[in-house]
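*Asks:* Those letters in the sequence shown? Residues 31 to 435, by the numbering used here.
Questions regarding the structure given below will be posed in turn.
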Amino acid sequence: MSDADSSTSQKSREERYAELAVRVGANVQPGQLVDVVARVEHAAVARAVAREAYRAGAAYVDVYYSDQHIRRALIEFAADDLLSWTPPWLLSRAKEVGRERAAVVALTGDAEPELLADLPGERVGRARMVEIAEESNRQVNEQLNNWTVVGVPNEGWASQMFGEPDVERLWKTVEYAVRLDEVDPVAAWREHVERVGARARILNELGADVVHFKGPGTDLRVGLLPESRWQGVESHTAQGIPYVANMPTEEVFTTPDLRRTEGVVRSTRPLALYGRIVKGLEVRFENGRIVEFRAEEGAEVIEGQLNTDERAAYLGEVALVDGTSRIGKTGLTFFDTLFDENATCHVAYGSAYAEAVEGGLLEGVNVSSVHTDFMVGGPEVDVDAITRDGTVVPLLRNDVWQLEA
């Protein structure tokens, strides 16, 4: 065994995960400031990320912790008009992250999934700092930060997935999903970036005008802009720093024309949203806007979100994922959008990603403080591209990608 192999084998699971998040995900640069966003239950991984960021040459690492119990108190007792309020000192901090072009590592993984289940869903849906969400979206669209989001296994998350707090099983599942189980995870990610990037290039050459989803309860046409561009795994800052925003990620995605979504769609997986679970979501669009929706559970949380601003009810993203997805292969529902959106095709209502549009925030590109992905794909859902001359090109059949080079 080489010295390098020995060093790797002696690292803890958290250290190897932090290394992947820092070196591949956020791709922290020497001399860069680093912002780590975590919940209190994520402390062990947050500490490992801080140590690894300093090893990568970070100038300073700041960790911002939140606590869902504090958010519960807000939802229970705060005045209605303060649910979406942003403290000015926190907004100032968020703006500095953009001005400094800091690297950002955000940690997810709900440690108490049922904590907010008994609270009014409409208030849960509105209890978020809207000005910070708007500032974050601005920084993403101006491509100021190299950033990544990773999930942190914990007992509550494991219990929701498996019915028991089997954290070891969850860690192994997450390691598989993010390719940390590979002998050389960095090399595995480079290969993954190229494979998914090739799909994006093929789609861009195709010149699709509409993406059509057809399956049980679904007949949805998502119109694209002439300037819409499909993106793969890797993104770049305005300064040219490459990074992987989501770990895991399996999708190719683009930004639709907010005015051109028509039809009905049924979500194919539960949606974890702000501490609540939305099940059986069905949505109808007219002239790009959500005009009707219902759900077996959690509809009031969706209502709270859609009432946040005028553009929340329009689409900002459409993404394709096939059956080769590691997340999909597990056959599990993670109850965490970071993972579940990468199991199958999805769309997102709310803010768009300007990086997926040639020319940035053009007319027809959605801007909102909301961005919520929900899953719409699966073996029973066919996906076609319709080109500007009306040609129908199959993209997915039975979860099998149809356009391999």
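We treat Cβ as the ideally placed atom computed from N, Cα and C, and that holds for glycine.
In terms of alpha-carbon separation, which member of Tyr84, Ala382, Ala384, Ser355 lies closest to aspartate 370?
*Replies:* For aspartate 370, the nearest C-alpha among the options comes from Ser355.
*Asks:* For proline 300, count the other beta carbons within 10 Å of its own beta carbon; 16 or more makes it buried, fewer makes it exposed. Which is it?
*Replies:* Here proline 300 is buried: its Cβ has 16 or more other Cβ atoms, across all protein chains shown, within 10 Å.
*Asks:* Would you report the Cα separation of valine 430 and valine 413, rounded to the nearest angstrom?
*Replies:* 10 Å
*Asks:* Please look up how many angstroms separate the CB atoms of valine 387 and threonine 285, rounded, as I've assumed it's under 8 Å.
*Replies:* That pair is a contact at about 5 Å.
*Asks:* Checking the sheet assignment: what are the DSSP bridge partners for arginine 123?
*Replies:* Arginine 123 pairs with nothing; no bridge assigned.
*Asks:* Straight-line CA distance for serine 297 to lysine 309?
*Replies:* 8 Å
*Asks:* In chain order, what residues of the same chain lie with their CB nearer than 7 Å to the CB of alanine 517, ignoring the 5 residues before and after it?
*Replies:* The requested residue 517 is not part of the displayed model; the chain covers only 31 to 435.
*Asks:* Identify, in the order they occur along the chain, each residue of the same chain with its Cβ nearer than 6 Å to the Cβ of valine 295, setting aside the five sequence neighbours on each side.
*Replies:* Thr248, Leu250, Val313, Val406
*Asks:* In the segment 49-122, which residue ranges form an unbroken alpha helix (DSSP H) of at least 4 residues, counting only runs that do not cross its ends?
*Replies:* 73-85, 98-107
*Asks:* Under a three-way DSSP split, which group does proline 246 fall into?
*Replies:* coil
*Asks:* Taking DSSP as the reference, what is the three-state secondary structure of leucine 336?
*Replies:* helix
*Asks:* Where do the N-terminal and C-terminal ends of the beta strand (DSSP E) with tyrosine 344 fall, by residue?
*Replies:* No beta strand (DSSP E) contains tyrosine 344, which DSSP labels as neither H nor E.
*Asks:* Mind checking if leucine 255 is an interface residue toward chain D, Cβ cutoff 7 Å exclusive?
*Replies:* Considering every chain present, this structure includes no chain D. It has just one protein chain.
*Asks:* I need the DSSP call for glutamine 173, collapsed to helix, strand or coil.
*Replies:* coil
*Asks:* Checking the sheet assignment: what are the DSSP bridge partners for serine 265?
*Replies:* Tyr273
*Asks:* If we count the other Cβ atoms within 10 Å of its Cβ and call it buried at 16 or more, is asparagine 57 buried or exposed?
*Replies:* Flag for asparagine 57 reads buried.
*Asks:* Tell me the DSSP secondary structure of threonine 203 in three-state form.
*Replies:* helix
*Asks:* Just to confirm the assignment, what range does the beta strand (DSSP E) spanning glycine 155 have?
*Replies:* Note, glycine 155: premise wrong, no beta strand (DSSP E); alpha helix (DSSP H) at 151-156.
*Asks:* Comparing C-alpha positions only, which one of Thr417, Val223, Glu393, Arg43 sits nearest to proline 278?
*Replies:* Of the listed residues, the one whose Cα sits closest to proline 278 is Val223.
*Asks:* With threonine 291 as the anchor, note down where its beta strand (DSSP E) starts and where it stops.
*Replies:* 286-296
*Asks:* Would glutamine 335 and valine 400 qualify as a contact pair, given that the criterion is a beta-carbon distance under 7 Å?
*Replies:* yes
*Asks:* In this structure, how does DSSP classify tryptophan 219 when only helix, strand and coil are distinguished?
*Replies:* helix
*Asks:* Closest by CA to glycine 328, which one among Glu316, Asp339, Tyr304?
*Replies:* Tyr304
*Asks:* Tell me whether threonine 417 is buried or exposed, calling it buried when 16 or more other Cβ atoms sit within 10 Å of its Cβ.
*Replies:* So threonine 417 counts as exposed.
*Asks:* Output the boundary residues of the alpha helix (DSSP H) element that contains alanine 188.
*Replies:* 185-192
*Asks:* Quick one: grab the DSSP three-state call for leucine 362.
*Replies:* coil
*Asks:* Beta carbon of glutamine 190, beta carbon of proline 143: below 7 Å?
*Replies:* yes
*Asks:* For phenylalanine 364, which of Arg324, Pro60, Val348, Gly193 has the nearest alpha-carbon?
*Replies:* The shortest C-alpha separation from phenylalanine 364 is found at Gly193.
*Asks:* My guess is that leucine 350 and leucine 433 are in contact by the Cβ rule of under 8 Å, so how many angstroms apart are they, rounded?
*Replies:* Not really, about 10 Å apart at Cβ, beyond 8 Å.
*Asks:* Hey, aspartate 287 and glycine 394: beta-carbon distance below 7 Å or not?
*Replies:* With respect to the 7 Å criterion, aspartate 287 and glycine 394 are classified as neighbours on the basis of their beta carbons.
*Asks:* Please check the pair phenylalanine 315 and glycine 293, which I expect to be a contact at CB under 8 Å, by giving their CB distance rounded to whole angstroms.
*Replies:* 6 Å
*Asks:* Tell me which residues share the same chain as tyrosine 383 and place their Cβ nearer than 8 Å to its Cβ, disregarding the 5 neighbours each side in the sequence.
*Replies:* Val170, Asn171, Gln261, Phe283, Thr285, Gly346, Glu347
*Asks:* Go ahead and pull the three-state DSSP assignment for valine 379.
*Replies:* The question names valine, but residue 379 is tyrosine in the sequence shown. Looking at tyrosine 379 - three-state DSSP - the assignment turns out to be strand.
*Asks:* Secondary structure at serine 42, three-state DSSP: helix, strand or coil?
*Replies:* coil
*Asks:* Name the residue from Gly128, Val66, Pro215, Cys375 whose alpha carbon lies nearest to the alpha carbon of valine 411.
*Replies:* Cys375
*Asks:* In the DSSP assignment, find the unbroken beta strand (DSSP E) run with leucine 303 in it and report its ends.
*Replies:* Segment 301-303, the beta strand (DSSP E) holding leucine 303.
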